[in-house]
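Working notes for the structure below.
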Amino acid sequence: MYIVNSMIRRAHLFLLLLLLSWGLPWTAGVCASQVDVTISGLEGELLENAQARMTLYQQKTDELARHHIRYLYERASGQIKKSLEPFGYYHVKVEATLSEPKSEGDRWQAVYRVHKGKPVLLDRVTIEITGQAKDDPRFESFLQQQPLRKGQPLNHPAYEATKKDLINLANERGYLDAHFVRNEVKVHLQENQADIDLVFDSGAEYCLAEVKWHQNAFSDAFMSKYLSFYTGAPYLSESLLELKENLAESGYFSKINIHTQKSATRPNCVDVIADLELGARSEFQARLGYGTDSGIRVGLDYGLRYLNRHGHQLKSSFGASQNKNKHLAQLGYKVLSNRSRSRFFDATLDYRAEDFVSDDIGVKGVNGKTRVVDLSVTLAGHHRRKIFGLEIEEVIGLQYLTEEYELLPLLFTPDEQELLSAFVDESEIDVLSPEFNILLLDLSWRFLQVDDPMYANSGQEVIFRLKGAKDGIVSNVSFWQAQLEAEIIRRLHERGRVILKMNAAYTEVETVPSISLLFDAGEIPINANLLPKLLQFRTGGDNSIRGYEFEAINGGDETLVAGKHIIAASVEYEYRFLENWSAAVFFDTGNVFNDYDNLSLLKSAGVGIRWHSPVGLVRVDVSAPIEDDEVEQDYRFHLVIGPDF
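Take the position in the sequence shown, starting the count at 1, then add 73; the result is the number in this note's numbering.
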């Protein structure tokens, strides 16, 4: 028994020493080294596949024992030959040499010279489709475009890819029982030819049967508008993908899982199962920002994503900005159409109030201030439709707007106001205390196409608006207005882009005849358009004519508050000199006016820097007016944070 145990222990010790001598470079008496492997005669995917199959190549940076290197070296030629067979090379010859290190620190040198020989060529290629897919145009197109052709080198990866593409196409087109009846590759080495024989039976084409909604928040009628297919429609995987995308865009669900199961009631049909998990019902967002136009701005948004089984939504928003002490509030109720995802209706209550000071109308030495208050209620229908092949967002709205403010404090000191009330008939200065009540029709069409909303290399946005009201129809003024805004961005060279902007509007409205009053401040023309300030035009600032203060351009002496018409345009070139930084040069022009005969375009130019930050594009510009002596400041800085569109 002792002898047996001793022999077993010696055997264990021998195996241990053998293993150590095989794998450990520091084993006594064995010199370990690395190997340089050189393969000539191959390139591209042939070389990559040979390297992947060669154990010696994969371990060339390891410290290997001498006999282990020789063992892997001897195996490598066979591995190279096997690696080339998938590409049709069955007559490969390999010349190999192995050189030991000449001095300490050198590596072994393994060199393989590969002679591929002639590849095996395809002779007979048979790909046959049976079943209902035989007459499917997509399968006919597949057969015409598949890469396996007579006379081409045999390529096993291409063969396997063709089989996989057939299976994928069958799944996409609803042939869920599809399978290969025959799939063979026969290689005739003597003739250096190969035959491919594929017979693919698609089986029956499945249809889409019942849609089962696994959720209890919304009615089936409401959910059905997210379907792009009808019951009994052919099964198409893109229909299921589109359903998932539609549900994701709705914003109602946090988790969406779409799958199918064979129908128990309809042969060759599947039921669509939508497992849906509702997202949070309420949403809250706080906003904090800064811009040279607005100063510091804050905002709060609160909404209810769904109120009932019809998916109605409620949203509220409150905001304030430093400049002009502006306050905004909005309450909106949204009703989605049960018949179409592209249509919805909303009712919106808006409140807007801001300071209006003497400097805003060019009056010096008074330092007066008034508060412009707007309140509106809007009912609107929104619809995405195709016009001339373009997807357009159409809005048809009816709005009731009230606006009131006092201009007397901006024009006159308190003493002058008392004097004015004593010597001027009140009817002559009614225009200085406007109170507007307007029921207006508001129409708009918007086209937007952009590759990346955060930073576009190619994009365009066009907005056309029509507004109008009739005195006597729940309105105390008559007017109509047309406005066109456009922005186009195009890549210029690899790192540059050009940005073009345009804003043009025309308004038909009565203007009160000019009167002039002479005071210490000078002769003041009082020209007023009978239209709320909200519907008139002022320009200048970060996003219009840079180099001028925000809304400092108001039409000059032609009008007191703002202008009836506007023309503004901008051209900008931006060059991206680092991954997250770019520089810009730009030219802006335009003006606000009442009379085309008196139109003179203001101009400005400048340079800017752009930082592509994680929260969006940060734009810093410095701009100066061109040939405008009335501007007190030679140049202005502009800061804007946000996307292009």
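A virtual CB, placed ideally from N, CA and C, is assigned to each residue, including glycine.
Mapping the DSSP letters down to three states, classify residue i as helix, strand or coil.
| i | result |
| --- | --- |
| N78 | Reliability fails at N78, whose pLDDT of 49 lies under 50, so the model's placement of it is uncertain and the value that follows must be treated cautiously. If DSSP states are grouped into helix, strand and coil, N78 belongs with the helices. |
| H164 | coil |
| H287 | strand |
| P721 | This structure cannot speak to residue 721, because the chain is shown only from 74 to 718. |
| L373 | strand |
| I240 | helix |
| L380 | coil |
| T338 | coil |
| I153 | helix |
| L300 | coil |
| L262 | coil |
| H566 | coil |
| K133 | coil |
| A495 | helix |
| F592 | The predicted model places F592 with a pLDDT of 49, which falls under 50 and marks its position as unreliable; any figure quoted below should be read in that light. Residue state, collapsed to three classes: strand. |
| P98 | For P98, the predicted structure reports a pLDDT of 41, less than 50, and the residue's modelled location is therefore unreliable. A value from the coordinates is still provided. The answer is coil: DSSP assigns P98 none of H, G, I, E or B. |
| S673 | coil |
| A183 | strand |
| D250 | coil |
| H385 | coil |
| F295 | helix |
| R360 | strand |
Which one of the options has the shortest CA to CA distance from residue i?
| i | options | result |
| --- | --- | --- |
| F461 | F520, G454, L513, V585 | F520 |
| G362 | N341, S355, S394 | S394 |
| N241 | Y528, A138, E350, F212 | F212 |
| E583 | L351, N440, S551 | S551 |
| D179 | M575, V108, L316 | V108 |
| L516 | A453, R139, G569 | A453 |
| Y248 | R186, A577, L281, A206 | A206 |
| M768 | H164, E264, P687 | The question about residue 768 has no answer here: the residues shown for the chain are numbered 74 through 718. |
| P307 | A169, G689, E245, H141 | E245 |
| L309 | A243, H261, V165 | A243 |
| D374 | G384, W654, Q358, H385 | Q358 |
| Y473 | S336, S297, I546 | I546 |
| S410 | A402, Q403, P220, D419 | D419 |
| A294 | E479, G628, G384 | G384 |
| I331 | R416, N319, Q217 | N319 |
| L300 | G114, V468, S323 | S323 |
| K442 | S449, G663, E427, N510 | E427 |
| N510 | G405, T475, E479, Q182 | T475 |
| N289 | A231, G352, A542 | G352 |
| V535 | D524, I465, N549 | I465 |
What does a CB cutoff of less than 6 Å around residue i pick up in its chain, not counting 5 residues either side in sequence?
| i | result |
| --- | --- |
| S292 | R382 |
| P698 | G620, S677, V704 |
| L604 | F552, V582 |
| E508 | E477 |
| G204 | D274, S275, G276 |
| V644 | L573, F660 |
| A101 | Confidence at A101 is low in this model, with a pLDDT of 35, below 50, so the placement of that residue should be treated as unreliable; the coordinate-derived value is given next. Taken in chain order, the list of residues that qualify is empty. |
Leaving out five residues before and five after residue i in sequence, what residues of the same chain have Cβ atoms less than 8 Å from its Cβ?
| i | result |
| --- | --- |
| N616 | D366, V713 |
| Y708 | G620, G679, V695, S696, A697 |
| L471 | T451, L452, A453, L512, L513, L514, D515 |
| A169 | Y146, A149, S150, A183, V184, Y185, R186 |
In the DSSP assignment, what are the bridge partners of residue i?
| i | result |
| --- | --- |
| H188 | K166 |
| I536 | R519, E558 |
| S643 | K574, D661 |
| K207 | DSSP, once it has assigned bridges, lists no residue as partnering K207. |
| K606 | Note: K606 sits in no beta bridge, so no partner. |
| F429 | T443 |
| P698 | S677 |
| L422 | L404, V450 |
Closer than 6 Å to a non-hydrogen atom of the ligand SAM - does that hold for the CB of residue i?
| i | result |
| --- | --- |
| E624 | Absence of the ligand SAM is noted for the structure shown, with no ligands found whatsoever. |
Take residue i and list the residues in its own chain whose beta-carbon comes closer than 7 Å to its own, dropping the five residues that flank it on each side.
| i | result |
| --- | --- |
| K259 | A267, D268 |
| R564 | N530, S531, R570 |
| A578 | Q554, A555, Q556, F610, H638, I639 |
Problem - Given 8 Å, three or more beta-carbon pairs between the stretch 555–567 and the stretch 623–634 - result: no
For the pair the stretch 648–659 and the stretch 674–691, tell me if three or more CB-CB distances fall below 8 Å.
yes
- Task: Kindly confirm or deny that the stretch 605–615 and the stretch 643–657 touch, where touching means at least three C-beta pairs closer than 8 Å.
- Result: no
- request: For the stretch 334–346 and the stretch 396–405, state whether three or more C-beta atom pairs, one from each stretch, are separated by less than 8 Å.
  value: no
| request: Take every Cβ of the stretch 109–128, pair it with every Cβ of the stretch 144–161, and state whether three or more of those distances are shorter than 8 Å. | output: yes
Checklist entry - Do the stretch 156–167 and the stretch 131–140 make contact, defined as three or more Cβ pairs closer than 8 Å? => result no
Three or more C-beta pairs under 8 Å: does that hold for the stretch 475–486 against the stretch 434–443? yes
Next on the checklist: Would the stretch 175–189 count as touching the stretch 231–241 if we require 3 or more Cβ pairs under 8 Å?
Outcome noted: Three or more Cβ pairs closer than 8 Å define a contact, and the stretch 175–189 falls short of that threshold against the stretch 231–241.
Specify whether the stretch 277–291 and the stretch 211–225 touch according to this definition: at least 3 beta carbon pairs, one from each stretch, less than 8 Å apart. no
Do the stretch 215–228 and the stretch 189–200 meet, that is, are 3 or more Cβ pairs less than 8 Å apart? yes
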